[in-house]
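Working notes, beginning with the structure itself.
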């Protein structure tokens, strides 16, 4: 058996080093992705020691992008996409144009050709799918209006880049600045019928192919894909179901790229969006999550592999200018665009922070520009340096936006008050209730805190309400928050893992906290913080296995709830009424483990 295994060594080396440096970064209270990037630099060709396979790493990373976009599609319905088209389409187009203009100016200043400068500007204009989605997921913003706008904005950028990848080779060959084959379908028509379609024809062909793919997915895919997954689910095989999810995600993405010229990420997104209409979407998301996270890590490692640290010393001023365009120029443009559409200040800040970085499409454009002879290698190095540094700075950008929001809102209110004769729309805006995503500290004391309002949480909440127990709910889903407000239930919009959210819930003055979310990892973080702030508080949590019960109790939970055992106890109790005349049943677990009858299986939550 041959021992030359570049695929295995690349995966092992990338994941092991990413784990070590990611844990070290987390220890220093930095985002783990900083450690992943450092791991990539260490296994890259520009540092001594082991060098991973540079051809395999990007392909492995592309799988992560496919699975990540598939997962986003599972939580992003067509209705959500259409609901933000009014701001996502014009906003993304204007922001791309502005950033491209800035990049073109920098390239022209450095003496590059017009084509190379435009490629450089385009590469700086498009945000990273992986970074944006990870930032939104960490803050539980994917399902909020801000998250939908950001993801919709990203989809428009991806469509624009798909078009750019077709036009750049054509423009290079026609303009005499490079060499590349033209669009395949246009070349076929030209050879068969002697038609020279030119750039206009290539644009038309690209739009036709993208429209055809979208139409097929919406007409046939939305019926075929859910039907296929339901048939697989009825077999009762979890292994086949997991394999079916991966086959659909990867197969649709690959087919879209090969047959229609659509990006792999965009094809996977539409596959997930179609499957989202099925009731199996939540289970599909959970089955693809482990691989999604693993390959997303390899994406960051592959980015780090391309980075040459020497450019930080050789080209400091061009790097600063590049970072300024990415982090400041793009963010300010996005901020002003969102405000121009009269969206809340918090939405504008979130969108601007989300787009203040570049990623995978930038690398593709840079590689294409160098291959065509348009972009000098110096431009590719600047793009890579700008990508890595902007990704590292992105969490800091979110932090600054969170701190700037109260100051900007305060200045806005002062302007309204200082106006002696405010206009009617200013008065109406002042009298409007706070924007939906704004949170305020509760006035409750001696109350109960309910984390999560899904199937389990809603049952707990309704019982607390009927018993007149003072309580509030911490929830991050816009739909559920709206339902809670219509019921007159006090709600905090946010993630309970964040200490700020728990402080707003007056954790120190609460008597109990019920953690009804199915994620045991997040539940442990909440329990740990709750116990440190209020040692005497009653903590009730839920679990799906004995191992989770032990872990939650180890972190400080007083009562742990496990659904599967309660289902068994309910069945045994009912059977005992017939066979043993209601003989009491002892399960061997102490009174500190209680199980609700309405707890669904994990994949159905």
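In our numbering, the protein residues as written are 2 to 606.
Cβ coordinates follow ideal geometry from the N, Cα and C atoms, glycine included.
Since we're looking at a predicted model, the values are computed, not measured.
Setting aside the 5 residues that flank it on each side, residue 471 is surrounded in the same chain by 445, 448, each with a C-beta closer than 6 Å to its C-beta; the list follows chain order. Going by DSSP, residue 493 is part of the beta strand (DSSP E) stretching over 492 to 494. Rounded to the nearest angstrom, the gap between the Cα atoms of residue 272 and residue 536 is 47 Å. Just so you know, the alpha carbons of residue 368 and residue 94 end up roughly 23 Å apart. Here residue 241 has 233 as same chain residues with Cβ atoms under 7 Å from its own Cβ, once five neighbours each way along the sequence are excluded. Around the beta carbon of residue 353, 16 or more other beta carbons lie within 10 angstroms, which makes this residue buried. With respect to the C-alpha of residue 355, the residue from 554, 155, 115, 74 having the closest C-alpha is 155. The residue from 90, 220, 54, 104 with its alpha-carbon nearest to that of residue 327 is 104. Each residue's CA atom was taken as its position, placing residue 85 and residue 153 some 7 Å apart. In chain order, 47 place their CB closer than 8 Å to the CB of residue 311, counting only its own chain and leaving out the 5 sequence neighbours on each side. Residue 278 carries a coil assignment under DSSP once its states are collapsed to helix, strand and coil. Taking a contact to require three or more Cβ pairs closer than 8 Å, the segment 288 to 304 and the segment 52 to 69 qualify as touching. The alpha carbon of residue 333 has as its nearest neighbour, out of 146, 230, 100, 567, the alpha carbon of 100. Inter-segment contact for the segment 261 to 268 and the segment 284 to 293 is absent: fewer than three beta-carbon pairs are separated by less than 8 Å.
Spatial neighbours of residue 162 in its own chain (CB-CB distance under 6 Å, excluding positions within 5 residues in sequence) are listed in chain order as 127, 362.
Between the segment 281 to 291 and the segment 12 to 26 there are fewer than three inter-stretch CB-CB distances shorter than 8 Å, so the stretches are not counted as touching. Take the alpha-carbon of residue 400 and the one of residue 534: they are about 23 Å apart. Per DSSP, reduced to three states, the secondary structure at residue 127 is coil, with no helix or strand assignment. Beta bridge pairing from DSSP links residue 542 with 516, 561. Cα atoms of residue 102 and residue 122: separation of roughly 6 Å, rounded to the nearest angstrom.
In the three-state reduction of the DSSP assignment, residue 452 falls in the strand class. By a beta-carbon distance limit of 8 Å, residue 528 contacts residue 553. Their separation comes to about 6 Å. Using a C-beta cut-off of 8 Å, the segment 312 to 324 makes contact with the segment 381 to 389, since at least three inter-stretch Cβ pairs fall below that distance.
The criterion of a C-beta distance shorter than 9 Å is not satisfied by residue 17 and residue 69. CA-to-CA, the gap between residue 393 and residue 39 works out to about 10 Å.
Look at residue 473 here: in three-state DSSP terms it is strand. If you look at residue 230, you'll find it in the alpha helix (DSSP H) that goes 223 to 235. Residue range 86 to 110 is occupied by the alpha helix (DSSP H) that includes residue 91. When DSSP states are grouped into helix, strand and coil, residue 572 belongs to the helix group. The beta carbon of residue 541 lies closer than 6 Å to those of 515, 560 in the same chain, with the five residues before and after it left out.
With a cutoff of 9 Å on beta-carbon distance, residue 124 and residue 115 are scored as not near each other. For residue 218, there is no enclosing alpha helix (DSSP H), as DSSP marks it with neither H nor E. Inter-residue distance for residue 555 and residue 452 is about 19 Å (C-alpha atoms, whole angstroms).
Per the C-alpha coordinates, the member of 364, 321, 349, 217 positioned closest to residue 166 is 364. In this structure, the alpha-carbon of residue 145 lies about 43 Å from that of residue 51.
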